[in-house]
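Residue numbering for the sequence shown is 871 to 967, as defined by this note's numbering. The C-beta atom is built at its ideal place from N, Cα and C for all residues, glycine as well. Okay, so here's the structure we're looking at.
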Amino acid sequence: MVNAKAQVAAREEAVAQYRQAVPTAIRDVESGLAQVRYSRDQAEAGKATDWMRASHERGAVSYLDLLDAERTRLQSELAAQRYLATVRLIKAPGGSW
């Protein structure tokens with residue numbers, strides 16, 4: 871009987887730990903996916919800016935178009951930096967993301 875109670879208690883503890891681990895794991899996956907998305911967005915914005923710069927040098931696009939591409943690239947970088955700063959702020963005091 872004592873052994874059965876210990877087994878039930880151990881099982882309940884394992885279930886409780888599992889229930890805590892699953893949301894943390896899901897947040898970690900979501901965080902990783904968001905980081906991948908931000909990295910991809912930054913890379914695409916960088917490529918677009920490079921293409922616009924080359925096009926501007928050839929006279930194919932206006933300086934305003936080049937500035938717009940640069941603004942988009944900078945916005946993408948800023949969004950990624952904000953996201954990472956938010957994650958660090960949450961994790962710093964021992965929070966989970």
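For the pair E914 and D935, the Cα-to-Cα distance works out to about 16 Å. Here W921 is not near A949, since their CB atoms are 9 Å or more apart. In this structure, T894 is the residue among T894, A918 and G916 with its C-alpha nearest to the C-alpha of K961. Around S932, the same chain offers H926 as residues with beta carbons nearer than 8 Å, after the five sequence neighbours per side are excluded.
P893: member of the alpha helix (DSSP H) spanning V872 to E927, first to last residue. The C-alpha of R941 is placed about 13 Å away from the C-alpha of R923.
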